[in-house]
Structures are given as structure tokens and as C-alpha cells.
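**Q** Residue 1 is where the sequence shown starts when you use UniProt numbering, and the numbers rise one by one after that.
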Amino acid sequence: MKTLKEAYKDYFTVGAAVAAHWLDEASECVKQNFSTLTAENEMKYMGVHNHSYKRPDFRGLKPGERPEPPEITSRERFVHPSLETDAAPGLKIYNFARSNGILMRGHTLSWHGSYPWGIFEQLTPEELEANTIEHYEFVSRTFPGCYCWDVVNEAASDKREDFYLRRTPYRDKFGDDYLIKLYRLARKYFPDAKLCCNDYNEFVPHKRDRILRIVNELKAEGLVDVIGCQCHVNVHLLDKKDGFDEIKRSYDLYAETGLKLHITEMDVNCVDWERRDEEITPEAVKNVAEVYSRLFEIFRQYKGVIENVTLWGVSNKHSWLNSFKLRGRTVKNQPLLFDDDYQPTEAFYRVTEF
1 MKTLKEAYKD YFTVGAAVAA HWLDEASECV KQNFSTLTAE NEMKYMGVHN HSYKRPDFRG
61 LKPGERPEPP EITSRERFVH PSLETDAAPG LKIYNFARSN GILMRGHTLS WHGSYPWGIF
121 EQLTPEELEA NTIEHYEFVS RTFPGCYCWD VVNEAASDKR EDFYLRRTPY RDKFGDDYLI
181 KLYRLARKYF PDAKLCCNDY NEFVPHKRDR ILRIVNELKA EGLVDVIGCQ CHVNVHLLDK
241 KDGFDEIKRS YDLYAETGLK LHITEMDVNC VDWERRDEEI TPEAVKNVAE VYSRLFEIFR
301 QYKGVIENVT LWGVSNKHSW LNSFKLRGRT VKNQPLLFDD DYQPTEAFYR VTEF
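Printed below as a string of C-alpha cells:
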């Protein structure tokens, strides 16, 4: 039986996102199958600057409502994030990778989903700039040698009626050209790394157009090297008439930029939230393997364009999708290539036997 990295050694590198708290139990499977690693959360802003502040209470809010921002009792510790750091979880993953000859993808320098909510909103532009510079410098010093970095994660907005850039504290403080500012900082502090523009819903036509606009603006300044396609999909992709054709159309358009592609966060959800699925059915679980097979067949067609395919996890046991409730119930998703005991699933065999 070929391992994942053996099966794809002539096509692209294969990676996985891992978490420090379960890395030990997954270590043998990881070493055998993956040639790159991504830290799931441990290298994000809140993964290394675990600010002990009172997070606002989001419970009971109506749509569109926002909680009262927390009181800032000490601006200094937010302007200078290096005053509060805990890089041990990230270093556990980083050192494991280095000691086993595995490349590290850096994830992620700036993301609206990992910062002290309500705090950045109260900083001045100058204070947030100082914070960002110090954070980038800290990360570059703590995790040197990552071959690629996701810089500003998920910058494109989703809703058709919105501006093409998502509204974030960075955009609010630095203006609509904030991406240029942050990618320049990334180029300064990570001069040897490939810089990646990473986003999701990358196959949805209007979202794809926004990603391409962002990428081309960054490319014009020499600030981006890779387009990151997250590839969080679900089994109902099989039900869409042009679903796989639209994926190929997207890769064609991204390839026309002249940049390389990374599949950065792949998994195959057994649930389609938009369809209001009531449960995870045996048919849905069975179809995970078919979706993986067809997508990896497409990936192989883009040899020389797709450089890396990273799965968002190793075992179904620890998939982030297990944290979501379906109709108020916790359900067991099966979106990855290894089962709870780190044994290959049917999907694994479908992607390695070709």
C-alpha cells in the first residue's frame, strides 16, 4: 500500500493541518503520509498572544447586533503583543516538523477570526500598525523557515451586495488598500517564504471574481506568489450539475494569473448546511470517497500548477467539523482520509490507487 506522499510524489506535496493537543497520537500516521504541515490554530494571532481579557458575551444577540466592546485596562499589552506570548503549542508542531524533515506552511499572519475581539476596534491606526509589525516580527523570529505563509486570511467578502473586501479592523483602520500594507510587511519579515492569498468559497463565481481582483492587485505590486484554495466542500457536490466543471473553471482562471495554487484546507463535509440536512446518512458517508476521488483526479490534471494539497486534519476523530451541531445534536462527521484509529478509509484508497 502506498502512502499519500508516495502516491503523489510526482504531482505535488501532500500536507495536513494538525493541533498540538493530538499531534502525539497522530505522529506515526503524519510521518508516513505527509510532507508538509500546517498548524490548525497554534500559529495564529490568538494562538501565540493569548491575551487574558474579558471576551464579550455574544449569547442572546439578535442578527446584526454587536456586544459592548470590552474595557481596555492596559493599552500597552495590546499595542505590544510580545508582552503576552505563549508559543509552546506552535513550537511543538514546528519542532516536530523540522525534526522529521517535514515542511511547515505558516498559517496565518492576519485573520479577522483570530484577534482579541473588540480590542483592535478601539486601537488607533498607529497602535494597530505597531501591534501588527511586532506580531509579524515575533512570528518570523519564533517560526523561521516556513516555506509559505498565508498572509491575510479570507479577505474577500461573501455577499454579492458588499464591497469586494471583507470589513475587518485592519481595513477599518488602514483603509481599502490595507492588503498592500500587510503583504509588504510580510515580504519584509518573511523574505524567503512564498506569500499566499488564502480564501474559501473559491469556486463560487462572484467570490472567485473578488479573489482574482485581490490577487491581481497584489501581483501588480509583486506581493503574492500563491493562491490558496481552501476546498472545504461537501458530499452534495455530487448532486450539482456543473459542480466539478465549475471547480476546473476556477482552477483555469486562477492558473491564468501565472501564480501557483495550493489546496490549503481540504475536507469533505457529510452535511450541507444550506440544504438543512437532518442527519448524516450512510449514503453521505459513502459519497465522501467519491468526492475525494473526483477531486484528486482533477488535482492531478493540474500538475505543475497545483504545488500542494493540504487536508484540514488527519483523522475523523479530531476534525473541526465535529464541533458543529446538527439540529442541536452533536454528530460525527467523516470528512478525512483516516478513521478514528488512524487507519485508511475508503476515501484514502480511492485517492491513492489510480
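We treat Cβ as the ideally placed atom computed from N, Cα and C, and that holds for glycine.
So, V204 versus V291, is the Cβ gap smaller than 9 Å?
**A** The answer is no: Cβ separation not under 9 Å.
**Q** Helix, strand or coil: how does DSSP classify T142 here?
**A** helix
**Q** Mapping DSSP to helix, strand and coil, what is W320?
**A** helix
**Q** Please confirm if the region 114-131 is in contact with the region 37-55, defined as three or more CB-CB distances below 8 Å between the two stretches.
**A** yes
**Q** Starting from the C-beta of H80, find all residues in its chain whose C-beta is less than 8 Å away, skip the five residues before and the five after it, and write them out in chain order.
**A** A130, N131 and E134
**Q** On the CB-based measure, 16 or more other CB atoms within 10 Å of its CB, does E265 come out buried or exposed?
**A** Looking at its Cβ environment, which holds 16 or more other Cβ atoms inside 10 Å, E265 is buried.
**Q** Report back the beta-carbon spacing between C197 and V215 to the nearest angstrom; my notes put them in contact at under 8 Å.
**A** Indeed, because the Cβ distance is near 5 Å, the residues count as touching under 8 Å.
**Q** Starting from I180, trace the alpha helix (DSSP H) in both directions and tell me its first and last residue.
**A** Y178 to Y189
**Q** Measuring CB atoms only, is the region 103-115 touching the region 138-155, in the sense that at least three cross pairs come out at less than 8 Å?
**A** These segments touch.
**Q** Could you please give me the residues that DSSP links to T36 through a beta bridge?
**A** DSSP output for T36 lists G15 and L103 as bridge partner(s).
**Q** Taking only runs of the beta strand (DSSP E) that begin and end inside the region 228-316, which ones reach a length of at least 3 residues, in chain order?
**A** 232-234, 260-269 and 306-311
**Q** Assuming D340 and N316 form a contact by the criterion Cβ under 8 Å, report the distance between their Cβ atoms to the nearest whole angstrom.
**A** 6 Å
**Q** Report the rounded CA-to-CA distance for E40 versus A19, giving the unit in angstroms.
**A** 6 Å
**Q** Would you mind stating whether G175 and K219 have Cβ atoms separated by less than 9 Å?
**A** no
**Q** Whole angstroms are fine: how far does the CA of E6 sit from the CA of G15?
**A** 12 Å
**Q** Enumerated in chain order, which unbroken segments of the alpha helix (DSSP H) with a length of 4 residues or greater are wholly contained in the region 38-81?
**A** You should have 45-48 and 76-79.
**Q** Give the C-beta separation of A193 and C229 to the nearest angstrom, bearing in mind that I take them to be a contact with Cβ-Cβ under 8 Å.
**A** The Cβ separation is near 19 Å, so there is no contact.
**Q** Can you tell me the Cα-Cα spacing of P69 and E346, whole angstroms?
**A** 48 Å
**Q** Can you tell me where the alpha helix (DSSP H) holding N216 begins and where it ends?
**A** Per DSSP, N216 is one residue of the alpha helix (DSSP H) stretching across P205 to A220.
**Q** I'd like to check one pair, R208 with E202: are the Cβ atoms closer than 9 Å?
**A** yes
**Q** Considering Cα atoms alone, identify which of A289, L91 and R327 is closest to E353.
**A** It is A289.
**Q** State the DSSP-derived secondary structure class of P125, mapped to helix, strand or coil.
**A** helix
**Q** Spatial neighbours of T213 within its chain, please: CB distance less than 7 Å, with the 5 preceding and 5 following residues excluded, ordered by chain position.
**A** A quick correction: the sequence has Arg, not Thr, at residue 213. Within the same chain, Cβ atoms closer than 7 Å to the Cβ of R213 are found at Y164, the five residues on either side in sequence being excluded.
**Q** Please classify N287: is it buried, with 16 or more other beta-carbons within 10 angstroms of its beta-carbon, or exposed?
**A** buried
**Q** Output yes or no for whether 9 Å exceeds the beta carbon distance between V268 and L326.
**A** no
**Q** Assuming D150 is part of the beta strand (DSSP E), what are its boundary residues?
**A** C148 to D150
**Q** Per DSSP, which one or two residues make a beta bridge with W111?
**A** Bridge partners of W111: N153.
**Q** Looking only at its chain, what residues have a beta carbon closer than 6 Å to the beta carbon of V142, apart from the 5 residues adjacent to it on each side?
**A** The sequence shown places Thr at residue 142, not Val. Cβ neighbours of T142 beyond the five flanking positions: A87.
**Q** Could you tell me the alpha carbon to alpha carbon distance between I211 and Y200, rounded to whole angstroms?
**A** 9 Å
**Q** What are the boundary residues of the alpha helix (DSSP H) that L4 is part of?
**A** L4 to A7 is the span of the alpha helix (DSSP H), which, as asked, contains L4.
**Q** From which residue to which residue does the beta strand (DSSP E) around D199 run?
**A** K194 to D199
**Q** Take the Cβ of T38 as the centre, count every other Cβ of all protein chains shown within 10 Å, and call the residue buried at 16 or more, exposed below.
**A** buried
**Q** Taking the alpha-carbon positions, what's the F58 to R167 distance?
**A** 19 Å
**Q** Straight-line CA distance for I247 to E76?
**A** Straight through space, the alpha carbons of E76 and I247 are spaced by roughly 46 Å.
**Q** What distance in whole Å lies between the Cβ atoms of S35 and I102, which are believed to be in contact at a cut-off of 8 Å?
**A** 6 Å
**Q** From Y178 to P191, what does the alpha carbon distance come to, in whole angstroms?
**A** Approximately 19 Å, taken between the alpha carbons.
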